[in-house]
Structures are given as structure tokens and as C-alpha cells.
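K.L.:
Provided herewith is a single structure, encoded as C-alpha cells, for subsequent inquiry.
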Amino acid sequence: MTGPVLAGWTPGVGLDERGRAQAAALAARLASLPIAAVVSSPLQRCAETARALAAGHAPPIEKVETDDRFGEVRYGDWTGRPLKELAEEPLWRVVQAHPSAARFPGEDGESLAAAQHRAVTAVRDWNERVAAEHGPGALYAVCSHGDIIKAVVADALGLHLDQFQRIQADPASLTVIRYTETRPFVVRVNDTGGDVAALVPEPAAEGSGKDGLGPGDAPVGGGA
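So in UniProt numbering, the last one in the sequence shown is 224, and the numbering has no gaps at all.
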């Protein structure tokens, strides 16, 4: 979504002044992290954000990869229509309460279940690619869209897609998921500020940590 209109795959929808400022602020927060790759949806607003992240990195990341699977949900005939108008459609209630059953109208309309499947598949593919090239503890960044991010988080949490509307992903927010052999760990969701140094895995995370736990083990108990 962009403003009061459902932008979807509408070409030429870029960041406004506020969006550019948000992207620059996010880039500054992530500049010192050892990011191995930046991957983006092909849509302009995401590509601009991804380029800001790559250019603001220290040292700058020369190439931004593009993966169509991280592109926005294909909203079909809903694309370009005001949200206020769409909220009166019967399908709107399905999208809100039973999104796993929602398919957007039109020849190029996509189901939310299909969008989740392609995005999660892309994440898994990039996990393998980055790990093969840079090691299992490597970080990479993906610039995508709200509904896609929410769908990926729902999958990582083991939630049914019908629960994904309980997750929020604001523009230029940071969502972090750490994938292991046995399970994903959702580290941050919709984070819009604060220190990010803890996102760098400890070297021991590739094997047994200092607490004796493996990378896929969840601690029991917790701290104060």
C-alpha cells in the first residue's frame, strides 16, 4: 500500500520525501553491520530503499540483487483503487478475517497463499545461496512489501496465514529472522529504531554456543 491507494505492481511509484528520509535513516542504522548482500523487490519504491541501504553501507555494497518473488502481492483489478473504496468490497472482509481464502480479482490477481509461498521459497533459496558464498552466520537484507513481510513472519512463527493480519510491518521498518536447521527465530518485527549491534551472530553460533546450546536450540527459562 502507498498512501490512500493500493499501489500493487503499478510502475513508477517511488518514494516521496518522507520515504527517502526513512530509507536513509534505516541505511544509517544498518551501515556497520556485516551485510553480505542486499536483495530487492523489482518495484521502484523497494529498489530505491535497497539502493540507499547498499550505498550507505560501510563499505558500500556494489550490487543490489533483484528477485521478483519478493515483489508485492498481485492485487489484480484492485490495483490503483482507493483503499476506502476497496473496504466496501465483500472480498475486503475475507482479506481481513480469512486471508488464506483470498484471491484478488482479474487475470493477474494472486492469492495471498500463493504470494506467501513464493516469498518463503525465495527466502529459503537466498538463505542457501548466501550461506554457501559467505558462511552460515552471514547476514543479508531484503527490501520487500508489507503483506509479503507479514506473510514471511507468519511462516517463521508457525502461524496459519489467517493470523498474518495480526502482524504489522510499517514502511522502512526492520524485521529480522534468523534461520537454523531446525527452526527460524523471529528476532525483531516492525522495528523502527534502536541499536542493531546484537543482530550480528556470535562466531560460536555456527556450532555450540558458550551456553552449550546449538544454533537451533531455544533457551529455556530466560533472563530478567
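Ideal Cβ positions, reconstructed from N, Cα and C, are used throughout, including at glycine.
None of the values given here were measured: they were computed from a predicted structure.
To which residues of the same chain is residue 102 closer than 6 Å at the C-beta, ignoring the five residues directly before and after it?
P.N.:
The residue you call residue 102 lines up with position 102 of the sequence shown. Once the five neighbours on either side are set aside, the close Cβ partners of residue 102 are 94, 95 and 112.
K.L.:
My output table needs one value for residue 191: the three-state DSSP class, helix, strand or coil.
P.N.:
Walking along the sequence shown from the start, residue 191 turns up at place 191. Residue 191 falls in the strand class under three-state DSSP.
K.L.:
Could you tell me whether the segment 73 to 84 touches the segment 126 to 136, using the rule of 3 or more Cβ pairs below 8 Å?
P.N.:
Contact fails between the segment 73 to 84 and the segment 126 to 136, because fewer than three Cβ pairs, one in each stretch, are under 8 Å apart.
K.L.:
With a threshold of 7 Å, establish whether the CB of residue 159 neighbours any heavy atom of the ligand SAH.
P.N.:
Absence of the ligand SAH is noted for the structure shown, with no ligands found whatsoever.
K.L.:
With a cut-off of 8 Å on the beta carbons, I'd call residue 73 and residue 148 a contact; round off their distance for me.
P.N.:
Position 73 of the sequence shown holds residue 73. Position 148 of the sequence shown holds residue 148. Contact holds; Cβ gap of about 7 Å.
K.L.:
Specify whether the segment 194 to 201 and the segment 158 to 171 touch according to this definition: at least 3 beta carbon pairs, one from each stretch, less than 8 Å apart.
P.N.:
no
K.L.:
Are the beta-carbon atoms of residue 99 and residue 78 separated by less than 8 Å?
P.N.:
Along the sequence shown, read from residue 1 onward, the residue named residue 99 stands at position 99. Along the sequence shown, read from residue 1 onward, the residue named residue 78 stands at position 78. Against a cut-off of 8 Å, the Cβ pair of residue 78 and residue 99 comes out as no contact.
K.L.:
Using DSSP with H/G/I as helix, E/B as strand and the rest coil, what is residue 128?
P.N.:
Translated into positions along the sequence shown, residue 128 becomes position 128. In the structure shown, residue 128 sits in a helix (DSSP, three-state: H, G or I).
K.L.:
Determine the extent of the beta strand (DSSP E) in which residue 182 is found, giving its start and end residues.
P.N.:
On the sequence shown, position 182 is the one that residue 182 refers to. Run containing residue 182: none; DSSP gives neither H nor E here.
K.L.:
Please go through the same chain and pick out, in chain order, the residues whose beta-carbon is closer than 6 Å to the beta-carbon of residue 5, but skip the five residues on each side of it.
P.N.:
Position 5 of the sequence shown holds residue 5. 82, listed in sequence order.
K.L.:
Should residue 48 and residue 14 be called a contact, given that it needs their Cβ atoms to be closer than 8 Å?
P.N.:
As a first step, residue 48 is located in the sequence shown; it is residue number 48 there, counting from the start. As a first step, residue 14 is located in the sequence shown; it is residue number 14 there, counting from the start. Yes.
K.L.:
Would you call the CB atoms of residue 46 and residue 144 closer than 8 Å?
P.N.:
By one-based count along the sequence shown, residue 46 stands at place 46. By one-based count along the sequence shown, residue 144 stands at place 144. Yes, the Cβ-Cβ distance between residue 46 and residue 144 is below 8 Å.
K.L.:
When you compare the CB positions of residue 183 and residue 216, do they come within less than 8 Å of one another, or not?
P.N.:
Taking the first residue of the sequence shown as position 1, residue 183 is located at position 183. Taking the first residue of the sequence shown as position 1, residue 216 is located at position 216. Cβ atoms of residue 183 and residue 216: closer than 8 Å.
K.L.:
Shortest alpha-carbon distance to residue 69 belongs to which of 213, 176, 43 and 51?
P.N.:
Stepping through the sequence shown from its first residue, residue 69 is reached at position 69. Measuring from the Cα of residue 69, the nearest candidate turns out to be 43.
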